[in-house]
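Peer 1: Below are the structure tokens for one structure; questions will follow.
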Amino acid sequence: MIATLTRPFRLLLDVARLPVASLTFDSRLHPADVLDTHRRFTRPHPKYKLFGHKQLGVALIDLRRHPTPAAYLASITGRCGAASYAGKARRRGYTLARIDRNEHIDAIHAINTSCAHRQGRPMDERYQHKPPRYEALSHFRYYGVFSKDGRLTAYCNVGRYGNFAAFSQLLGYRNNDGAMHLMVTDIVIELLQDLQAGHGPHYLMYDTFFGAKPGLRQFKTMLGFSPYRARYTLL
């Protein structure tokens, strides 16, 4: 009984300790998708109704804290960092490139169906169907990681919503080659270069820490993501 009564207070304490990130949606980037995403992020959380769906424990990298790509890589170097895994993938011949998904429909479908379960959960039904064609949204970038023999081994979609960008999909074959670490670190480096040029987002989002399995939380932490409380505005 006491544990039940104190749980909401512990939650409020944890929330109060989270740093706050002011994230702005700019509907001029793509009115339909940006407004729809804003609605999804700010609708009531299914469990904690007082908060928005993507408000607590949002996994973010504040790109402004890393003045150079080298500074970012230094922050994820070490025993619990991702730089060594990304380096291993690079030495094995993996490379990141922007892609037109319509040139890789079969390869993407093969990745989507390569595992029946991920993070202890069955894969969503939508991943079982191969689309005849993908729509390319103007505020998105689409990336793929290729092995040294040219095989697509991972892919992700990154949307720009305002002063932040966010992963909407990030998937790859299960292996120990570090390809997923390479993909995220190289995307962060590209966004840092955009920021240095004066047109990049301030934050990169990778869903939330709350609800993620321990392995996925560790992956995000290794890559430099931290939990924040998001405060959203819409332009």
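In my numbering, the protein residues as written are -12 to 222. Just so you know, even glycine gets a beta-carbon here, dropped at the ideal spot from N, CA and C.
(1) Quick one: what does DSSP say Met167 is sitting in, helix, strand or coil?
(2) Note down the Cα distance separating Pro118 from Tyr129, rounded to an integer number of angstroms.
(3) With H, G and I counted as helix, E and B as strand and the rest as coil, what does DSSP make of Leu(-8)?
(4) Are at least three pairs of beta-carbons, each pair with one atom in the region 66 to 73 and one in the region 183 to 194, less than 8 Å apart?
(5) For Ser213, which of helix, strand or coil comes out of DSSP?
(6) Kindly list the residues whose CB is nearer than 8 Å to the CB of Asp181, restricted to its own chain and excluding five residues on each side of it in sequence; keep chain order.
(7) Hey, quick one: how far does the alpha helix (DSSP H) through Ser14 stretch, first residue to last?
(8) Would you mind listing the beta strand (DSSP E) stretches within the region 50 to 137 that are 3+ residues and don't spill past its ends, in chain order?
(9) For the pair the region 164 to 176 and the region 203 to 214, tell me if three or more CB-CB distances fall below 8 Å.
(10) Could you tell me the distance, in whole angstroms, from the CA atom of Glu90 to the CA atom of Gly131?
(11) For Lys75 and His168, what's the separation of their Cα atoms in angstroms?
(12) For Pro201, which three-state DSSP category applies?
(13) Considering only the alpha carbon of each residue, which of Leu5, Ser14, Tyr59, Ile92 lies closest to Leu179?
(14) By the 10 Å Cβ neighbour count, where 16 or more other Cβ atoms means buried, how is Ala8 classified, buried or exposed?
(15) For my contact list, Leu5 and Arg147 are in at a C-beta cut-off of 8 Å; report their separation, rounded to the angstrom.
(16) Which word fits Pro54, buried or exposed, when buried means at least 16 other C-beta atoms lie within 10 angstroms of its C-beta?
(17) Per DSSP, which residues does Leu47 bridge with? Please list them.
(18) Can you give the Cα-Cα distance for His96 and Tyr114, rounded to whole angstroms?
(19) For Leu222, does the three-state DSSP call read helix, strand or coil?
(20) Would you mind working out which of Val171, Val21, Arg204, Arg77 sits nearest Gly44, comparing C-alpha positions?
(21) Can you check which of these residues, Asp87, Ser14, Ala184, is closest to Glu122 by C-alpha distance?
(22) List the residues that DSSP assigns as beta-bridge partners of Tyr142.
Peer 2: To lay it out plainly:
(1) helix
(2) 16 Å
(3) Residue placement at Leu(-8) is flagged as unreliable, the pLDDT there being 44, under the threshold of 50; a coordinate-derived value is accordingly withheld.
(4) no
(5) strand
(6) Gly187, Pro188
(7) Taken as a continuous stretch (DSSP letters only), Ser14 belongs to no alpha helix (DSSP H), as it is neither H nor E.
(8) 82 to 85, 127 to 133
(9) yes
(10) 11 Å
(11) 10 Å
(12) helix
(13) Tyr59
(14) buried
(15) The Cβ separation is near 24 Å, so there is no contact.
(16) exposed
(17) Met192, Ser213
(18) 8 Å
(19) coil
(20) Arg204
(21) Asp87
(22) Gly131, Leu158
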